[in-house]
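Engineer: Residue numbering for the sequence shown follows the UniProt record's numbering, beginning at 1 and increasing consecutively. Even glycine gets a Cβ: it sits at the ideal position worked out from N, Cα and C. My questions all concern the structure below.
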Amino acid sequence: MRPSLISYMWCAHCRRFRGWTGPDLGTFDFTDPLEKLSTEERAALAKDFGGFFRNLDRLWDSGELPQRFS
């Protein structure tokens with residue numbers, strides 16, 4: 001089994017998102033604004049798209065998004 005990444009891109013204006021997967025080539029180092037969430041909190045966001053987008057808006061407004069890549 002190879003490590004993989006799951007990526008999402010979302011538009012705050014049109015409220016649409018796109019997700020995709022790919023191999024983890026180990027070439028990116030980036031912040032994960034959701035890393036502090038528990039498994040239960042992540043599961044709750046996955047079940048409630050309204051809450052998911054409200055959380056993304058909150059992260060954007062607080063400056064945690066967009067992510068920082070190095």
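Considering only the beta carbon of each residue, do residue 22 and residue 4 sit closer than 8 Å?
Structural biologist: Against the sequence shown, residue 22 aligns to sequence position 22. Against the sequence shown, residue 4 aligns to sequence position 4. Result yes, Cβ atoms of residue 22 and residue 4 sit closer than 8 Å.
Engineer: Is DSSP giving residue 53 helix, strand or coil here?
Structural biologist: Sequence index remark: in the sequence shown, residue 53 carries index 53 (1-based). Helix, per DSSP.
Engineer: Applying the 10 Å Cβ sphere with the 16-neighbour rule, what's the burial state of residue 25?
Structural biologist: Taking the first residue of the sequence shown as position 1, residue 25 is located at position 25. With fewer than 16 Cβ atoms within 10 Å of its Cβ, residue 25 is classed as exposed.
Engineer: Distance, Cα to Cα, residue 29 vs residue 64?
Structural biologist: Here residue 29 refers to the residue found at position 29 when the sequence shown is read from its first residue. Here residue 64 refers to the residue found at position 64 when the sequence shown is read from its first residue. Approximately 15 Å, taken between the alpha carbons.
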